[in-house]
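Residue numbers (the UniProt record's numbering): 1 to 298.
C-beta atoms are modelled at their ideal positions from N, C-alpha and C, and glycine is treated no differently.
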């Protein structure tokens, strides 16, 4: 889709007109700013990593030259897409802008299975109006974790990327090569990998966010590996210090052992989302998914 040839429409609000169009590369920072204003605490470099996957899947609502709403639906491959970053400026809500953004994004996904993490208050609307099927809840935890600096894990840079990609794909509905290349190499982040007998048995990532740090993803063959990775990641950033700030950890609620890790270290539930899918709910090894990669990109 050409940069400015997206779906367009007009909406009435004191005579103002709103146009829905594709996002331009220079506007990615606006998406992160909108998410921060909503209190979603995005990573400082999330926008760059996300946009690289599928630039044509990002849409904005524009009024008089100003971006007032955003959404993205990124097609990972021919079968799977994930949507997020749906925000409309508070003073312009309930005018149909969000609906127009969603329709533009969903049109881009075509017949793909499409995932999304929606705020709980919008769950019914996404289901009733757009055909999303509720799968489970994700819980965001916050805490100051001492962590550990002495561990036997490898840095991702010292592991075959192809092997890491293969392991990642076991825990996600699509191969996400472009995303993963950028995600694990972003500034102010640490990615650690667990190996046994030459095989990857888990990996985790922690990155700098608007507030503190966020773990995601965290995959592991069992809760022992996951917990050790969790502590090593926290230790890599001096979680809890005044300079560093707290750690955030997003767990799929069905993985009770992931929830148990958060509770064991005194983390507090501060937010949550409804994981939903359109067209079909993919089968995933939730017992091995201890930390969600990103509410915006799956």
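Going by the DSSP bridge assignment, what does residue 209 pair with across the sheet? 43
Provide the residue span of the beta strand (DSSP E) that contains residue 140, from first to last. Counting along the chain, the beta strand (DSSP E) containing residue 140 begins and ends at 132 to 143.
For residue 255, which residues of its own chain have a beta-carbon under 7 Å away from its beta-carbon, when the five flanking residues on both sides are left out? 286, 287, 289 and 290
How about residue 291: is its C-beta nearer than 9 Å to some C-beta of chain B? Annotation note: the requested chain B is absent from the structure, which comprises a single protein chain.
Between residue 172 and residue 83, which are expected to be in contact by the criterion C-beta below 8 Å, what is the C-beta distance as a whole number of angstroms? That pair is no contact at about 15 Å.
Assign residue 156 to one of two classes, buried (16 or more other C-beta atoms within 10 Å of its C-beta) or exposed (fewer than that). Answer is buried; the Cβ neighbour count reaches 16.
Nearest-angstrom Cα distance between residue 58 and residue 174? 19 Å
Buried versus exposed call for residue 206 [16 or more other C-beta atoms within 10 Å across all chains shown]: buried
What is the rounded straight-line gap between the Cα of residue 104 and the Cα of residue 20? 8 Å
Which of the three DSSP states, helix, strand or coil, is assigned to residue 185? coil
Tell me where the beta strand (DSSP E) around residue 250 begins and ends. 247 to 252
Within this structure, are the beta carbons of residue 161 and residue 76 separated by less than 9 Å? no
Going by DSSP in three states, residue 38 sits in which element: helix, strand or coil? coil
Judging by CA-CA distance, which residue of 277, 72 and 46 is the nearest neighbour of residue 29? Residue 46 is the option with its Cα nearest to residue 29.
Option nearest residue 262 by Cα separation, candidates 36, 144 and 117: 144
Keeping to the same chain, check which residues put their C-beta closer than 7 Å to that of residue 151; ignore five residues upstream and five downstream. 228 and 232
Between which two residues does the alpha helix (DSSP H) containing residue 107 stretch? Run containing residue 107: 97 to 109, per the alpha helix (DSSP H) assignment.
Express the C-alpha separation of residue 188 and residue 265 in angstroms, rounding to a whole number. 24 Å
Look up residue 170 in the DSSP assignment and say whether it is helix, strand or coil. coil
Local conformation of residue 218 per DSSP, three classes: strand
Can you give me the Cβ contacts of residue 147 inside the same chain, cut-off strictly under 6 Å, excluding the 5 residues immediately before and after it? Here the set comprises 231, 234, 235 and 239.
Taking three-plus beta-carbon pairs below 8 Å as touching, is the region 244 to 253 in contact with the region 89 to 107? no
Using only CA atoms, which one of 210, 56 and 183 lies nearest to residue 109? 56
In the DSSP assignment, find the unbroken beta strand (DSSP E) run with residue 53 in it and report its ends. Looking at the DSSP string, residue 53 is not in any beta strand (DSSP E), and its letter there is neither H nor E.
So, are the CB atoms of residue 213 and residue 194 less than 9 Å apart? Not in contact: residue 213 and residue 194 (Cβ atoms no closer than 9 Å).
Taking the alpha-carbon of residue 217 as reference, which of 198, 274, 165 and 18 has the nearest alpha-carbon? 165
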